[in-house]
Amino acid sequence: MDGRGLGDLLEQFGLSEKEIDTYLAILERGEAKASEIADEADVSKRYVYSISEELDERGFVEVKDHEVPTKIRAIAPEDVIEQLSGTLDTMEPELERRFTSTEESIKQFEVIKSRSTVLKRIETLLERAEEEVTLILPPSLLSSLRATLVETVERDVMVLLLLSGPEAENTPVEQLDGIASAVRSWQARAPMIITVDAEFGLIAPNEMLSASNADANAISLVQRQLVPVIVGSFFGNYWPIATELYVDEPIELPITFTSFRHAVLQAALRSNQGETLTAVATGRTVGSENDTETIEGPVVSVRQGMVKPATNSFPVESAFTIDDDGESVSVGGSGAFIEDFEAETVRLE
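Below, the structure is given as C-alpha cells:
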C-alpha cells in the first residue's frame, strides 16, 4: 500500500489532509523535532505543535514537551491499531441499537399481509411496552410468546391477556404463571388484538394466525386518538364476558404509576387481600384549570372490572376513592370527567 492509500484510510478516521501528512512524517522518522517534521510535511512549525497535541489526544503520537527542544514520537502502530479496534468495539453496540430501532420503526398505518410479520410485530410491541398491554391471542401462540410476556411483566408493565378459542379454557394454570397481570379465556375465536400504551395497535383475523396460507390481512396503527377506541372495545366487548383463569400476585410497593389503570389494578389486588393502602395522586381537579396539585389519603374504595370481583358500573371504568383529610375524593385517570380528580401519576404505599 502506498502512502496515499494509507492516507485515504486515515481520512476515514477523521484526519484532515494536513494532519495525515504531518502524522506520516512523524511515523517515517519515528521521533523528530517540530522543525524537522514541518520541513518534511511542508507545514509551519506552529501547525506541527498544534496538530501534534490533537494526535497525542487521539493516541497516534506522544509529545515530549518536557524535553528541550520538544520532540514528537510516533506511537507503535500495533498500539494505535489496538486503540482504534477498541473504539470500534465500543461503537458497535450503539450502532446496532440505533440500526435496530430504525429498522423496526412502525408506520402510522400499515396493512400487514404476512403471518410471520404479524408475529414479529407482536414481539416488538411487547418489548416496547412501558405501561400497559391488552392482548387477545389463540392459545397456540402462547409458547412462542411466553418469554417476551414474562419479560414485559417483570418490567412492571400491566398485561391483560385474553385467550380465545374452544381450547382456551383448558390451558393449564402453570403455563400462565408470570405471563400476565391477569388472564381470561373465551370459547369464541376472537380476532387477535394487541394495544400498547394506548398508542400502538394491531388487529389480525383469527384465521391469519391459525393458518399460514390464510387470505387475510392485519392492520397496524400508531395513533393516540384511535388506539384508545380499540382498548375500549377490549374492555367493553371481550374482557367482561371471558372467564378468569389467572391473576398474578400484586407487585411490590411503594411504586409510582404513570398508567392510572395499572394503579387501579394494583389497588384492587391489595384491597382484595384486605390491605390498607395510601395513594398519593398528582394531577388537577376535574373541570378546573388549576396548576398541578397533589392529594393524598387512604384508599377507601376501588371501581374496576379487570379482576374479580368486578366493582365498576360501566366496562371501562377504572377509579378509586381516597379519604383526603376527611373528604372523600374520587380519582380517575387522564380524561376523567365523572370523578373529582384527574390523576397524571399515582404513588401507592
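Numbered according to UniProt numbering, the sequence shown spans residues 1 to 349.
The beta-carbon is built from N, C-alpha and C at its ideal position, and this holds for glycine as well.
I need the DSSP call for arginine 347, collapsed to helix, strand or coil.
strand
Identify whether valine 43 lies in helix, strand or coil by the three-state DSSP scheme.
coil
Identified DSSP bridge partners for leucine 278
Just to set this straight, residue 278 is threonine in the shown sequence, not leucine. Paired residues: Pro298.
So what's methionine 158 in DSSP terms, helix, strand or just coil?
strand
Which partner residues of phenylalanine 200 appear in the DSSP bridge assignment?
Val196, Val222
From the DSSP output, read off the bridge partner residues of isoleucine 251.
In DSSP, isoleucine 251 forms no bridge with anything.
Determine the closest residue to valine 247 out of Arg128, Arg224, Pro309, Ala218, with distance taken between C-alpha atoms.
Pro309
Take serine 220 as the anchor and find which of Pro254, Ser140, Ile122, Glu167 has the nearest alpha-carbon.
Ile122
On the criterion of 16 or more Cβ atoms from any shown chain inside 10 Å, does phenylalanine 341 qualify as buried, or is it exposed?
buried
Per DSSP, which residues does lysine 64 bridge with? Please list them.
Lys71
CB-CB under 8 Å to glycine 3, same chain, minus the five flanking residues each way: which ones, in chain order?
Confidence at glycine 3 is low in this model, with a pLDDT of 45, below 50, so the placement of that residue should be treated as unreliable; the coordinate-derived value is given next. Only Leu24 meet the Cβ criterion.
Nearest-angstrom Cα separation, counted from leucine 149 out to phenylalanine 109:
25 Å
Need the endpoints of the alpha helix (DSSP H) that leucine 18 sits in, please.
What sits at residue 18 in the sequence shown is lysine, not leucine. First-last of the alpha helix (DSSP H) with lysine 18: 17-29.
Spatial neighbours of threonine 292 within its chain, please: C-beta separation below 8 Å, excluding the five flanking residues on both sides.
Thr282, Gly283, Arg284, Glu344
Just the Cα atoms here: how many angstroms apart are threonine 321 and phenylalanine 235?
21 Å
Please list the terminal residues of the continuous alpha helix (DSSP H) segment that includes serine 210.
206-210
Should glutamate 199 be labelled buried (16 or more other beta-carbon atoms within 10 Å of its own) or exposed?
buried
Give the straight-line distance between the Cα atoms of alanine 180 and aspartate 215, rounded to the nearest whole angstrom.
31 Å
Within the same chain, show all residues whose beta-carbon is closer than 7 Å to that of glutamine 175, passing over the 5 residues directly before and after it, in chain order.
Leu142
Reduced DSSP secondary structure (H/G/I, E/B, other) of alanine 76:
coil
So, for tyrosine 47: in the same chain, excluding its five sequence neighbours on each side, which residues have a beta-carbon less than 8 Å away from its beta-carbon?
Lys18, Thr22, Ala38
Please classify leucine 9: is it buried, with 16 or more other beta-carbons within 10 angstroms of its beta-carbon, or exposed?
exposed
Is the beta carbon of alanine 268 sitting closer than 8 Å to the one on methionine 306?
yes
Does DSSP put arginine 184 in a helix, a strand or coil?
strand
Collapsed DSSP secondary structure at threonine 171 in the structure displayed:
coil
Give every residue of the same chain whose Cβ lies closer than 7 Å to the Cβ of proline 315, excluding the five residues on either side of it in the sequence, and list them in chain order.
Phe235, Gly236, Pro240, Gly305
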